[in-house]
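If you use the numbering used here, the sequence shown corresponds to residues 87 to 173, in order.
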Amino acid sequence: MRGLFGLVGLVVVLAIVGLLAKKQLSATRAPAAALQQAPIAGTGVSVPVINPTGNVQQQSQQVQQQVQQQLDEIAKQRAQAMGEAEK
Numbered sequence: 087m088r089g090l091f092g093l094v095g096l097v098v099v100l101a102i103v104g105l106l107a108k109k110q111l112s113a114t115r116a117p118a119a120a121l122q123q124a125p126i127a128g129t130g131v132s133v134p135v136i137n138p139t140g141n142v143q144q145q146s147q148q149v150q151q152q153v154q155q156q157l158d159e160i161a162k163q164r165a166q167a168m169g170e171a172e173k
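Quick look at the structure:
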């Protein structure tokens with residue numbers, strides 16, 4: 087009887103772990119539309135858009151260009167804020 091309860095408990099635990107793993111793995115596969123310049127809440131920063139049809143080098147260059155553009159925009163905003171603060 088004790089062995090039966092142990093086996094049933096083990097099956098229940100494995101089922102729970104399996105469901106949690108499935109849920110976690112499905113959450114990591116976000117659709118491409120959700121990755122399109124989605125702003126990060128409260129930061130004003132957006133996630134770079136990656137063209138899935140390009141090769142790795144093209145994708146890397148796209149991400150680098152988009153990050154550089156975002157950094158330039160942030161630098162402009164800070165320069166404007168500093169200019170206004172000095173006035």
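By construction, the Cβ of each residue, glycine as well, lies at the ideal position given by its N, Cα and C atoms.
Collapsed DSSP secondary structure at T114 in the structure displayed
DSSP, read as helix, strand or coil, puts T114 in helix.
Whole-angstrom distance between L100 and A171, CA atom to CA atom
Their backbone Cα atoms lie some 59 Å apart in a straight line.
Between R164 and Q150, what straight-line distance do the alpha-carbon atoms span, to the nearest angstrom?
Roughly 21 Å separates the two Cα atoms.
Can you tell me the Cα-Cα spacing of Q154 and V103, whole angstroms?
In a straight line, the C-alpha of Q154 is about 42 Å away from that of V103.
Helix, strand or coil for G140, going by three-state DSSP, please let me know.
Reduced to three states, the DSSP call for G140 is coil.
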